[in-house]
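Let me begin by presenting the structure, written as structure tokens, before commenting on it.
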Amino acid sequence: MASFISVPLKKTYEVDVIKPLRTFIQNTFSQASPDDYNQALSDFNKLRNTTVAKSVDKHESALDVLYRYYDQLVAIENKLPIAENQIRVQFKWRDAFDEGSFLGGKRNLAIASAAYEKVCMLFNIASLQSQIAAIQNHESNDGMKLTVKLFQQSCGIFGHLKDIVLSHVQQDPTPDLNPDTLSALSAIMLAQAQESIYRKATQDKMKEGTIAKLAYQTSELYADAMKLMQMGSIRDLWPKDWLPTVGMKQAAFHGMAEFYQSCVAQQAKTYGEEIARLQHAQELLNASQNRGGATFNFRQEQGKVQRALEQAKKDNDFIYHDKIPDLKSLPSIGKAAVAKPLPVAQPMSSRFTDLFEKIVPLPVHEALTAFENRKSQIVALESGRLRESTQLINSVLASLNLPAALEDLAGERVPQSLLDKAGQIQELGGLAKIDQLMSDLPDLLNRNREILTESIKALDDEERSDQQLKEQFKERWSRTGSSSLTRPMRDEANKYKSILDTAIQADHIVKEKYNTHKAAIALLSKPKAELESSLPAASAAASLQGSQVVKTLREMIEQVNTIKAERDVIETEIKDATFDMSSKFFAALAQEGMINEETISAAELERIYSPLREQVSDSIHRQETLLSQIQNANTEFCTAKSSNQSGAQRETMLKDLAAGFDSFMELKANLEEGTKFYNDLTPLLVRLQTKINDFCFARKTEKDELMADLQKAIANTPSQAPPVAPRYQGGPGQQTAAQAQQPAAATASTTAACEHPTPPPRVPPPRPPPPTMPSTNPNGSSNSFGATDASSVPGAAAAASAPSAPTSAPSTTSSLPYSMTPGQPGQMQTPGQPGQMQAPYGQSQPGAGSYPGSAGANWQAPYPSYPGQGYPTPPMPAGYNPYNPFMGYQQQQPGYPPAPGYPPQQQPGQAPYPPQQGGYPYPGYPPQQPGPPQAGYPYPGYPPQQQFR
Numbered sequence: 001m002a003s004f005i006s007v008p009l010k011k012t013y014e015v016d017v018i019k020p021l022r023t024f025i026q027n028t029f030s031q032a033s034p035d036d037y038n039q040a041l042s043d044f045n046k047l048r049n050t051t052v053a054k055s056v057d058k059h060e061s062a063l064d065v066l067y068r069y070y071d072q073l074v075a076i077e078n079k080l081p082i083a084e085n086q087i088r089v090q091f092k093w094r095d096a097f098d099e100g101s102f103l104g105g106k107r108n109l110a111i112a113s114a115a116y117e118k119v120c121m122l123f124n125i126a127s128l129q130s131q132i133a134a135i136q137n138h139e140s141n142d143g144m145k146l147t148v149k150l151f152q153q154s155c156g157i158f159g160h161l162k163d164i165v166l167s168h169v170q171q172d173p174t175p176d177l178n179p180d181t182l183s184a185l186s187a188i189m190l191a192q193a194q195e196s197i198y199r200k201a202t203q204d205k206m207k208e209g210t211i212a213k214l215a216y217q218t219s220e221l222y223a224d225a226m227k228l229m230q231m232g233s234i235r236d237l238w239p240k241d242w243l244p245t246v247g248m249k250q251a252a253f254h255g256m257a258e259f260y261q262s263c264v265a266q267q268a269k270t271y272g273e274e275i276a277r278l279q280h281a282q283e284l285l286n287a288s289q290n291r292g293g294a295t296f297n298f299r300q301e302q303g304k305v306q307r308a309l310e311q312a313k314k315d316n317d318f319i320y321h322d323k324i325p326d327l328k329s330l331p332s333i334g335k336a337a338v339a340k341p342l343p344v345a346q347p348m349s350s351r352f353t354d355l356f357e358k359i360v361p362l363p364v365h366e367a368l369t370a371f372e373n374r375k376s377q378i379v380a381l382e383s384g385r386l387r388e389s390t391q392l393i394n395s396v397l398a399s400l401n402l403p404a405a406l407e408d409l410a411g412e413r414v415p416q417s418l419l420d421k422a423g424q425i426q427e428l429g430g431l432a433k434i435d436q437l438m439s440d441l442p443d444l445l446n447r448n449r450e451i452l453t454e455s456i457k458a459l460d461d462e463e464r465s466d467q468q469l470k471e472q473f474k475e476r477w478s479r480t481g482s483s484s485l486t487r488p489m490r491d492e493a494n495k496y497k498s499i500l501d502t503a504i505q506a507d508h509i510v511k512e513k514y515n516t517h518k519a520a521i522a523l524l525s526k527p528k529a530e531l532e533s534s535l536p537a538a539s540a541a542a543s544l545q546g547s548q549v550v551k552t553l554r555e556m557i558e559q560v561n562t563i564k565a566e567r568d569v570i571e572t573e574i575k576d577a578t579f580d581m582s583s584k585f586f587a588a589l590a591q592e593g594m595i596n597e598e599t600i601s602a603a604e605l606e607r608i609y610s611p612l613r614e615q616v617s618d619s620i621h622r623q624e625t626l627l628s629q630i631q632n633a634n635t636e637f638c639t640a641k642s643s644n645q646s647g648a649q650r651e652t653m654l655k656d657l658a659a660g661f662d663s664f665m666e667l668k669a670n671l672e673e674g675t676k677f678y679n680d681l682t683p684l685l686v687r688l689q690t691k692i693n694d695f696c697f698a699r700k701t702e703k704d705e706l707m708a709d710l711q712k713a714i715a716n717t718p719s720q721a722p723p724v725a726p727r728y729q730g731g732p733g734q735q736t737a738a739q740a741q742q743p744a745a746a747t748a749s750t751t752a753a754c755e756h757p758t759p760p761p762r763v764p765p766p767r768p769p770p771p772t773m774p775s776t777n778p779n780g781s782s783n784s785f786g787a788t789d790a791s792s793v794p795g796a797a798a799a800a801s802a803p804s805a806p807t808s809a810p811s812t813t814s815s816l817p818y819s820m821t822p823g824q825p826g827q828m829q830t831p832g833q834p835g836q837m838q839a840p841y842g843q844s845q846p847g848a849g850s851y852p853g854s855a856g857a858n859w860q861a862p863y864p865s866y867p868g869q870g871y872p873t874p875p876m877p878a879g880y881n882p883y884n885p886f887m888g889y890q891q892q893q894p895g896y897p898p899a900p901g902y903p904p905q906q907q908p909g910q911a912p913y914p915p916q917q918g919g920y921p922y923p924g925y926p927p928q929q930p931g932p933p934q935a936g937y938p939y940p941g942y943p944p945q946q947q948f949r
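Just so we're aligned: 680 in full-length UniProt numbering is position 680 of the sequence shown, and the numbers increase by one with no gaps anywhere.
As structure tokens, this is what we get:
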């Protein structure tokens with residue numbers, strides 16, 4: 001039965017996407033209806049939660065849920081940009097190959113990025129595809145076809161991720177998203193797809209040559225996968241059975257390729273080649289079994305190859321006698337690369353519908369916004385030209401007191417044009433309206449200024465906090481710096497600040513104009529009777545009523561009124577011009593994947609506004625000509641009236657009232673426009689403030705999480721060991737290299753003490769009497785000190801009861817346990833007795849007759865026995881002379897053979913050695929005290945000794 005590798009899923013955590021997305025839509029798409037996105041937001045949140053829950057189901061229906069969520073992420077990519085500096089939704093995912101640890105350390109990565117969410121979803125889609133493919137019924141045609149399809153799709157997705165992961169994930173990805181890891185996974189999926197095709201071919205009993213090529217290609221793909229998996233950066237990432245499985249399959253499919261090619265050779269009657277390939281197939285399958293161990297699942301094929309080889313050898317030996325060629329001389333099998341990685345489909349689900357289809361993509365929205373800005377600039381420019389020209393002609397006519405001068409020829413009543421202007425001002429609210437607008441303007445300005453100031457302050461505080469933590473934690477503070485994230489918001493805030501500064505300057509100009517014409521506006525706001533009484537009286541000029549100059553001026557005034565009416569129409573057409581830019585921008589986005597807004601907008605604006613611009617220019621040119629004619633005619637009219645000087649004061653006042661009317665209309669328009677501007681600016685600033693507050697809150701949450709992780713890491717970091725206290729403070733002081741080994745020796749001593757009895761404490765022997773000449777005793781029963789044998793020496797029983805050396809090797813009791821060489825400082829001396837050495841633990845010092853070479857046959861060595869052959873012989877003490885008969889080896893105990901490699905020992909009853917040469921102690925000289933044993937010297941069967949101090 002086929003066994004396939006399935007990739008584990010990445011695990012994620014639930015997040016709330018409704019609130020940040022709704023806030024962004026309300027702030028960005030102000031024209032969108034709440035019904036267009038409230039239900040869509042709820043469905044989108046449910047879709048993600050279902051994706052998290054359905055990932056555990058190994059069925060195609062679970063795949064469809066993942067497909068639809070991924071398609072929705074792609075669909076909103078251009079509508080609702082989820083990023084650190086726009087919509088902050090923190091997506092947290094765990095490494096797929098991370099099993100966690102006892103301390104809770106897991107490889108997690110959290111990024112506020114829809115691109116990161118898409119990458120993780122693609123990884124899970126490919127992983128779930130591999131899991132579903134692995135559990136299919138591979139004995140059926142439908143199951144095998146689905147397996148091949150899913151493995152090829154999984155291979156394509158992992159390969160796609162390898163190419164895009166570093167551009168989509170701006171931080172270091174988790175190990176499962178490493179490009180090397182994704183390359184290896186893609187290679188494994190492709191090899192398994194090829195294996196499925198091979199197994200389908202064997203089920204369908206295709207030709208052996210074709211199956212051999214499929215198997216050889218499968219082996220090559222597994223070889224490629226094995227190379228990628230063994231890269232140093234990812235080798236330790238895989239589950240423990242993956243590498244053995246891939247290595248096993250690589251060798252097994254190579255062996256199966258050789259087997260099926262041997263069938264081709266048998267059909268071609270090249271029996272030697274058949275046997276050579278079968279032998280190679282058997283070797284490869286045996287190697288596969290060694291590699292795979294418990295995962296090896298080619299036992300049936302292995303037996304088949306074995307039987308085929310035995311039959312082929314039998315037939316060749318008895319019938320064909322064909323020569324078996326060298327393996328290297330055989331032709332190549334060839335490859336059949338059928339499995340191919342499938343590209344990522346768009347959309348992946350056939351049932352996908354965009355939940356936010358009523359919201360235009362953000363590039364289109366931004367292009368429409370940019371177009372509206374361009375259109376507004378053109379409208380403002382052309383309307384400004386018309387208004388400036390109209391203001392110019394009004395000011396010229398007011399300075400000439402036209403048409404009031406033509407209507408006031410009699411000088412008895414208020415001119416009708418002036419009465420009409422006064423009535424119009426009174427209908428519009430008069431001076432009280434202007435005062436109200438003037439008083440409201442500063443409040444609106446201050447409100448907007450406070451919102452902007454608070455927003456900028458919030459950004460400054462957040463950046464200052466981030467910078468302080470960056471300086472404190474250095475490279476451990478790994479999150480993106482605030483300066484790069486807040487740049488778009490700061491640019492927007494600076495733009496609004498510049499707009500407010502310009503508006504403040506314009507407000508000052510309006511206020512100055514208001515103060516200049518306040519008296520004339522107040523007079524025009526009064527009733528008709530008060531207005532008439534305020535005008536000075538003048539003598540009649542009735543003789544000019546029918547003159548040609550008056551008729552000419554009246555015709556010219558009518559032309560001025562005509563031009564003004566035309567301008568109102570032109571300005572209305574400029575403001576009300578309509579454009580269908582959405583369809584053009586959508587078409588450009590669909591065709592080119594991007595929108596060249598500047599080119600498209602410029603062409604469309606030129607098409608609509610070019611005729612209107614020509615009309616504006618023509619109106620201005622006609623006005624210039626008409627003003628010149630009016631000024632000439634008015635000069636002639638004034639000359640005709642110059643004989644009457646009594647009406648000069650009245651005419652001046654009429655001019656001021658005409659200028660006051662024009663100023664009122666201009667002030668009212670400017671103040672209402674300024675009020676609308678401030679009211680429109682307020683929601684924009686509130687949106688900016690909301691965006692900044694959300695950003696600061698998200699950054700604060702991220703800061704708290706990162707601080708908690710850092711605090712946990714700092715708390716779990718082992719602190720440095722304190723310095724060793726000096727000896728004068730009661731501490732052990734600084735250890736030397738030799739002393740540093742004492743704890744290990746002490747531990748070994750404790751262990752040995754649990755296994756062997758602890759010897760009695762060492763007691764220094766009494767000072768020996770002065771030396772006397774020995775009395776010879778051949779049987780060794782006495783000596784000059786009166787000692788008889790070892791049994792009479794205190795501590796002999798303890799020595800006798802000491803554990804013996806291992807029985808597996810011969811032992812000796814003659815070597816002293818010292819490893820000192822001449823000139824070394826390791827030979828310790830007892831104070832007051834130079835050269836004397838202490839007796840070992842549990843032993844009394846023997847008499848002179850017990851020296852080596854004496855006749856004390858029953859004396860036993862005061863040290864434990866040493867093993868013989870196979871164990872190192874301890875070196876002799878300093879000053880040892882092998883040619884000195886009195887420094888020979890100890891006698892062997894009766895019944896023990898001499899140790900191999902040692903000279904024969906003196907047996908009991910032998911004559912003592914002759915006296916030593918001068919300078920050496922004579923028999924009967926007080927025994928020397930042995931020095932302490934070296935620290936850590938291993939005495940078999942005896943507990944380690946402490947270092948002598």
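Backbone N, C-alpha and C define an ideal beta-carbon position, used for all residues, glycine too.
Less than 8 Å between the CB atoms is what I'm expecting for A133 and Q217, so what's the real figure, rounded?
Mapped onto the sequence shown, residue 133 falls at position 133. Mapped onto the sequence shown, residue 217 falls at position 217. A133 to Q217, Cβ: 19 Å. No contact.
Note down the Cα distance separating M121 from Y70, rounded to an integer number of angstroms.
Locating residue 121 in the sequence shown gives position 121, where the first residue counts as 1. Locating residue 70 in the sequence shown gives position 70, where the first residue counts as 1. The alpha-carbon of M121 is positioned some 7 Å away from that of Y70.
Which runs of the beta strand (DSSP E) spanning at least 3 residues fall entirely within the segment 96–136, listed in chain order?
108–111
Thinking just about the alpha-carbon of each residue, which of T717, D709 and L684 is nearest to the one in Q26?
Taking the sequence shown and counting its residues from 1, the one referred to as residue 26 is at position 26. Cα-wise, what sits closest to Q26 is L684.
Helix, strand or coil for W242 per DSSP?
Translated into the one-based positions of the sequence shown, residue 242 becomes position 242. Shown here, W242 sits in a helix according to DSSP, grouped into three states.
Exposed or buried, D317, counting other C-beta atoms within 10 Å across all chains shown (16 or more means buried)?
Stepping through the sequence shown from its first residue, residue 317 is reached at position 317. With a threshold of 16 other beta carbon atoms within 10 Å, D317 falls short and is exposed.
What are the start and end residues of the alpha helix (DSSP H) that includes residue 982?
Examination of residue 982 is not possible in this model, given that the chain is present from 1 through 949 alone.
Every unbroken alpha helix (DSSP H) within the segment 537–617, with a cutoff of 4 residues, ordered by chain:
Counting only runs of 4 or more residues that sit fully inside the segment 537–617, the alpha helix (DSSP H) segments are 548–575 and 581–592, in chain order.
Thinking just about the alpha-carbon of each residue, which of E624, L278 and L284 is nearest to the one in K249?
Here the question's residue 249 lines up with position 249 in the sequence shown. If we check each option's Cα against that of K249, L284 comes out closest.
Collapsed DSSP secondary structure at I82 in the structure displayed
For the purposes of this step, residue 82 is taken as residue 82 along the sequence shown, with counting starting at 1. Three-state DSSP puts I82 in a strand.
Is the segment 219–226 in contact with the segment 160–174, if contact means three or more CB pairs nearer than 8 Å?
no
Cutoff 6 Å; reference P921; Cβ partners in own chain excluding five residues on either side
Against the sequence shown, residue 921 aligns to sequence position 921. Annotation note: pLDDT 46 at P921 (below 50); position unreliable, coordinate value reported separately. Nothing meets the Cβ criterion.
CB contact flag (K691, M489, <9 Å):
As a position in the sequence shown, residue 691 is number 691, starting the count at 1. As a position in the sequence shown, residue 489 is number 489, starting the count at 1. Yes, the pair counts as a contact, with Cβ atoms nearer than the cut-off.
Using a Cβ-Cβ cut-off of 6 Å (strictly less than) and excluding sequence neighbours within five positions of Q689, which residues of its own chain qualify?
Within the sequence shown, residue 689 is the residue found at index 689, counting from 1. Closer than 6 Å at Cβ, skipping near neighbours: I451 and S455.
Can you list, in chain order, the residues of its chain with a C-beta nearer than 8 Å to that of G104? Leave out the 5 residues immediately preceding and following it.
Counting from one through the sequence shown, the residue named residue 104 turns up at place 104. Since pLDDT at G104 reaches only 41, below the 50 mark, its modelled position is unreliable, and no value is offered.
Is E314 helix, strand or coil when you go by DSSP?
Position 314 of the sequence shown, counted from the first residue, corresponds to residue 314. For clarity, residue 314 is Lys in the given sequence; the question names Glu instead. Three-state DSSP puts K314 in a helix.
Decide if P611 is buried, meaning its Cβ has at least 16 other Cβ atoms within 10 Å, or exposed.
Taking the first residue of the sequence shown as position 1, residue 611 is located at position 611. P611 comes out exposed.
Quick one: grab the DSSP three-state call for F371.
One-based indexing of the sequence shown puts residue 371 at position 371. Helix, per DSSP.
Determine the extent of the alpha helix (DSSP H) in which F158 is found, giving its start and end residues.
Position 158 of the sequence shown holds residue 158. Element bounds for F158: N141 to H168.
Might you give, ordered along the chain, the residues of its own chain that have their beta carbon closer than 8 Å to the beta carbon of S113, omitting 5 neighbours on each side?
Your numbering for residue 113 matches position 113 in the sequence shown. Closer than 8 Å at the Cβ level, and outside the excluded window around S113, lie I82, A83, E84, F91, H168, V169 and Q170.
Bridge partners for W93 per DSSP, in chain order?
By 1-based counting over the sequence shown, the position of residue 93 is 93. Answer is T12 and L109.
Can you tell me which of F151, I570, E558 and K54 puts its alpha carbon nearest to the alpha carbon of E614?
On the sequence shown, position 614 is the one that residue 614 refers to. With distances taken between Cα atoms, E614 lies closest to I570.
Would you list the residues sitting across from I87 in a DSSP beta bridge?
Position 87 of the sequence shown, counted from the start, is the residue given in the question as residue 87. In the DSSP output, where bridge partners are listed per residue, I87 has I82.
When the Cα atoms are used, what is the spatial distance from A126 to S186?
Position 126 of the sequence shown holds residue 126. Position 186 of the sequence shown holds residue 186. Rounded to the nearest angstrom, the two C-alpha atoms are 9 Å apart.
Kindly indicate which residue of Q282, D315, L177 and K313 has the alpha-carbon position closest to the one of Q300.
Translated into the one-based positions of the sequence shown, residue 300 becomes position 300. With distances taken between Cα atoms, Q300 lies closest to Q282.
Should the segment 370–380 be regarded as contacting the segment 570–582, the criterion being three or more beta carbon pairs within less than 8 Å?
yes
When the Cα atoms are used, what is the spatial distance from K200 to M707?
For the purposes of this step, residue 200 is taken as the residue at position 200 of the sequence shown. For the purposes of this step, residue 707 is taken as the residue at position 707 of the sequence shown. Going by the C-alpha atoms only, they are around 56 Å apart.
For L485, collect the residues of the same chain with a Cβ closer than 6 Å to its Cβ; drop the 5 residues on either side in sequence, then sort them by chain order.
By 1-based counting over the sequence shown, the position of residue 485 is 485. So the qualifying residues of the chain are E84 and N85.
Any non-hydrogen atom of the ligand NAD closer than 8 Å to K46 Cβ
With respect to the ligand NAD, the structure shown offers nothing to examine, as it has no ligands at all.
Kindly indicate which residue of N297, N632, H280 and A308 has the alpha-carbon position closest to the one of K328.
In the sequence shown, counting from the first residue as 1, residue 328 sits at position 328. Ranking the options by Cα distance to K328, first place goes to H280.
What does a CB cutoff of less than 8 Å around L128 pick up in its chain, not counting 5 residues either side in sequence?
Taking the first residue of the sequence shown as 1, we reach residue 128 at position 128. Closer than 8 Å at Cβ, skipping near neighbours: L9, S55, K58, A62, L63 and L66.
Between Y13, L400 and F151, which has its C-alpha nearest T635's C-alpha?
Within the sequence shown, numbered from 1, the residue matching residue 635 stands at position 635. Looking only at Y13, L400 and F151, the smallest Cα-Cα distance to T635 is reached by L400.
P527, DSSP secondary structure in three states
The residue given as residue 527 occupies position 527 in the sequence shown. Three-state result, P527: coil.
According to DSSP, is Q171 part of a helix, a strand, or is it coil?
For the purposes of this step, residue 171 is identified with residue 171 of the sequence shown, where counting begins at 1. The answer is coil: DSSP assigns Q171 none of H, G, I, E or B.
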